[in-house]
Amino acid sequence: MFAPLSPSLPHALPAEHRERLMATAREVSFPQGLRLMEEGGRADRFWVIRTGTVELDMRVPGRRPVVIERLGHNELVGWSWLFRPHVWQLGAEAATPVRAYQFDAASVLALCDEDPELGREVTRWVGEVVAHRLHAARIRLLDLFGPYGAGAAV
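Counting in my numbering, the sequence shown runs from 233 upward without gaps.
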């Protein structure tokens, strides 16, 4: 069982900040099975999904990567670009063909430095996503490896 969806872009930022952020985006497409990011790799971009599904996964010693969460329309893929050491904490793979908006981390960080209010809103949005992903990872790993029912939401 997967946790409820994380905060999506249209609901996460005020319209004027969302518009400024979207002005830096470029449209990209990924075929099913393409790896968007690898755990431990350099985090220099992020995506907001337009169509399709992306699976976030985590390496587990002695096993195949474990799918932590499935993301869809308007959801953020990648948050490690915002926090040092800018290294991906999870992996991600296109579970279906995906169309997304791609953002260059350096450009967005510069925009946030220029406009501290925008920077606060982006940091709040990404922080909410991080909190959600931590909770989702905990529940998923308990479902897989904990005692029966350990991952059930309280």
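Yeah, the Cβ is synthetic: ideal placement off N, Cα and C, and Gly gets one too. Keep in mind the model is a prediction, meaning the values are calculated, not measured.
query: DSSP three-state call for D375: helix, strand or coil?
result: As a working mapping, residue 375 is identified with position 143 in the sequence shown. D375: helix per DSSP, three-state reduction.
Inter-residue Cα distance where the pair is A342 and L322: Looking up residue 342 in the sequence shown gives position 110. Looking up residue 322 in the sequence shown gives position 90. The straight-line gap from Cα to Cα measures roughly 24 angstroms.
- prompt: Given that a residue counts as buried once 16 or more other Cβ atoms are within 10 Å of its Cβ, and exposed if not, what is H364?
  reply: As a working mapping, residue 364 is identified with position 132 in the sequence shown. Buried.
message: Tell me which residues share the same chain as E270 and place their Cβ nearer than 6 angstroms to its Cβ, disregarding the 5 neighbours each side in the sequence.
response: As a working mapping, residue 270 is identified with position 38 in the sequence shown. Result list for E270: G323, in chain order.
field: Proximity below 8 angstroms, CB of A337 to CB of D276
entry: The count along the sequence shown starts at 1 and reaches residue 337 at position 105. The count along the sequence shown starts at 1 and reaches residue 276 at position 44. Going by C-beta atoms, A337 is nearer than 8 angstroms to D276.
task: Inspect the beta-carbon positions of F201 and W313 and report whether they are closer than 8 angstroms.
output: Any property of residue 201 remains undetermined from this structure, which presents the chain solely from 233 to 386.
Whole-angstrom C-beta distance between E287 and A327, which should lie under 8 angstroms: As a first step, residue 327 must be located in the sequence shown, where it is residue number 95. As a first step, residue 287 must be located in the sequence shown, where it is residue number 55. Confirmed, about 5 angstroms.
task: Note down, in chain order, each residue of its chain lying with its Cβ closer than 6 angstroms to the Cβ of T285, except the 5 sequence neighbours on either side.
output: Within the sequence shown, numbered from 1, the residue matching residue 285 stands at position 53. Correct list, in chain order: R302, G304, A327, T328.
message: Determine, for R296, whether the minimum Cβ-Cβ distance to residues of chain C falls below 8 angstroms.
response: No chain C appears in the structure shown, which is made up of a single protein chain.
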